[in-house]
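Quick note: my numbering has the sequence shown finishing at residue 315, numbered continuously throughout.
We put the CB at the ideal spot given by N, CA and C, even for glycine.
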Amino acid sequence: MILEAYGIRKSFDRDVLSDIDIKLKTGSITVLIGPSGAGKSTLLAILGLILKYDSGTIKILGKSIENLSDNRLSDIRNRHIGFLFQSHYLMKSFSVMENIIMPAMIARLNRNDASKRAKKFLERLGLSDIGDRRVETLSGGESQRISLLRAMIMRPELILADEPTGNLDSLSCNQLLSLIKWANKAGETFLIATHDKNVASIADEVLTLKDGKLI
Ligand code: ADP
Ligand code: MG
Numbered sequence: 101m102i103l104e105a106y107g108i109r110k111s112f113d114r115d116v117l118s119d120i121d122i123k124l125k126t127g128s129i130t131v132l133i134g135p136s137g138a139g140k141s142t143l144l145a146i147l148g149l150i151l152k153y154d155s156g157t158i159k160i161l162g163k164s165i166e167n168l169s170d171n172r173l174s175d176i177r178n179r180h181i182g183f184l185f186q187s188h189y190l191m192k193s194f195s196v197m198e199n200i201i202m203p204a205m206i207a208r209l210n211r212n213d214a215s216k217r218a219k220k221f222l223e224r225l226g227l228s229d230i231g232d233r234r235v236e237t238l239s240g241g242e243s244q245r246i247s248l249l250r251a252m253i254m255r256p257e258l259i260l261a262d263e264p265t266g267n268l269d270s271l272s273c274n275q276l277l278s279l280i281k282w283a284n285k286a287g288e289t290f291l292i293a294t295h296d297k298n299v300a301s302i303a304d305e306v307l308t309l310k311d312g313k314l315i
C-alpha cells in the first residue's frame, strides 16, 4: 500500500470531510469524483501533506506521519509524492527541459542524471524536439504533459492530480490520459480528482466523495 488514511476529518467553517478512509494500492490508478465543493481538493492537499487535518491517521509507505515535524513532512513529500494541477505552473522563461528537471535542481540532485532521465522521458514520448523550447511556446495540452513529466522526475511513488484535464480540449485530454497510463505502467501510483467522466475510463478504482464521505 502506498498510502492509507483512516478517519480523516476536516472542517473550515463547516464540516468538509467527515470520516474518510482511503487506501491506494501500489501501482493503481484511483479516480476521485464528486461535485464542485465536495472536498476533493481538500482531501488531495491533506493526503499530499500540504494541509493539516483535524483528526485521523495517514500512513505513507506503511509509516505513520503523525507527530512529524514540518521539515520531515516536506522531506517525505519531496521524495515520495508528485503533484499535477489544473494549471500547469511551469516557469515561463525557462525551457521545457529546465522545467522538467526543476524539482531535481531544487533537491540539489545531479543535473546530468536528471537531464538524462528527462531526455529519456521526452524520447519515449516522441517529444525530443521540444526540450529546448521555451514553455511559453507550448500549447495547453503540451504544457500539461510536460508538467506530468516534471512531477515524475524525482520518481515519486505517488502522483496526486487535481482536475488535471480541467482546461483541456478532448484531444489533449486523451493525450494526457495516455501519458498517465504510460506513467502508471512505469510504476507510478495515481490518485486523480476530477469531475470529468472521461478520466474514470483509465481508473482501476473510482471513488465518489459525497457529503464528506467516500462511497
Ligand atoms: P472540490 O475540490 O471538491 O471542489 P474543495 O476541497 O475545494 O472542493 O472545497 C470543499 C469545501 O471547503 C468548499 O465548501 C470550500 O469553500 C471549502 N474550503 C476549501 N478550502 C478552504 C479554506 N482554505 N478556507 C475555508 N474554506 C475552504
Ligand atoms: Mg477542487
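Item                                                                                                            : Value
Of the listed residues E263, A293, R217 and D269, nearest to E242 (C-alpha basis)                               : D269
Closer than 7 angstroms: S141 CB and nearest ligand 2 heavy atom                                                : yes
Environment of P203 [buried if 16+ CB atoms lie within 10 Å]                                                    : buried
Validate contact between the region 249–261 and the region 203–218 using beta carbons, cut 8 angstroms, 3 pairs : yes
Three-state secondary structure (DSSP) of R234                                                                  : strand
Range of the contiguous alpha helix (DSSP H) that encloses F112                                                 : Where F112 is concerned, there is no enclosing alpha helix (DSSP H), given that its DSSP letter is neither H nor E.
Contact set for I120: own chain, Cβ-Cβ below 6 angstroms, skip 5 residues either direction                      : I108 and L314
contact_flag[the region 215–226, the region 132–148] where n(CB pairs < 8 angstroms) is 3 or more               : no
Exposure label - N199; buried when at least 16 CB within 10 Å                                                   : buried
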